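Since the structure comes first, as structure tokens, the remarks are kept for the end.
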């Protein structure tokens, strides 16, 4: 029997801590997160990674957000949240 789990989902399941889970959530393509949203949410819930659940919610909101004429989000909150989440993820790799 072959393992059909996507490597990025396996990384999420096998993450040693929330910082590693954050790195995975930052790198997962939107198409994969859309398709396996429930899987990523379940991993965050099981790990009590509320910050990850909140980040998933923000990414979900981004998919439907209106863009400006330059194609960027009109609301700077999306970039601010992503930057803060990335800083959190990097803080775990500094040790």
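Residue numbers (my numbering): 2 to 96. Quick reminder that beta carbons are idealized off the backbone N, C-alpha and C, glycines included. All values derive from a computational prediction rather than experimental measurement.
Measuring alpha carbon to alpha carbon, tell me which of the options ends up nearest residue i.
{"i": "residue 26", "options": "60, 73 and 93", "result": "60"}
{"i": "residue 32", "options": "64, 48, 42 and 6", "result": "64"}
{"i": "residue 62", "options": "30, 24 and 79", "result": "79"}
To the nearest whole angstrom, what separates the beta carbons of residue i and residue j, a pair I think is in contact under 8 angstroms?
{"i": "residue 22", "j": "residue 35", "result": "At roughly 18 angstroms, the Cβ-Cβ gap does not stay under 8 angstroms, so residue 22 and residue 35 are not in contact."}
{"i": "residue 67", "j": "residue 75", "result": "6 angstroms"}
{"i": "residue 57", "j": "residue 42", "result": "6 angstroms"}
Enumerate in chain order the residues of its own chain whose CB-to-CB distance from residue i is below 8 angstroms, with the five nearest sequence positions on each side excluded.
{"i": "residue 70", "result": "none"}
{"i": "residue 28", "result": "9"}
{"i": "residue 7", "result": "33 and 37"}
{"i": "residue 84", "result": "none"}
Who are the Cβ neighbours of residue i in its own chain at under 7 angstroms, not counting the five residues just before and after it?
{"i": "residue 2", "result": "Residue confidence for residue 2 is low, a pLDDT of 49 falling below 50, so the modelled location carries little weight; the figure read from the coordinates is stated next. Within the same chain, residue 2 has no close Cβ partners at all."}
{"i": "residue 87", "result": "27"}
{"i": "residue 40", "result": "10"}
Report all residues from its chain with a CB closer than 6 angstroms to the CB of residue i; omit the five preceding and five following residues, and keep chain order.
{"i": "residue 20", "result": "90 and 93"}
{"i": "residue 45", "result": "53 and 54"}
{"i": "residue 50", "result": "19 and 22"}
How should residue i be labelled, buried or exposed, when 16 other C-beta atoms within 10 angstroms of its C-beta is the threshold for buried?
{"i": "residue 16", "result": "buried"}
So for residue i, helix, strand or coil by DSSP?
{"i": "residue 14", "result": "helix"}
{"i": "residue 68", "result": "strand"}
{"i": "residue 74", "result": "strand"}
{"i": "residue 35", "result": "helix"}
{"i": "residue 30", "result": "coil"}
State yes or no: is the C-beta of residue i nearer than 6 angstroms to some heavy atom of the ligand NAD?
{"i": "residue 21", "result": "Inclusion of the ligand NAD in the displayed structure is not the case, the ligand content being empty and no account of it being possible."}
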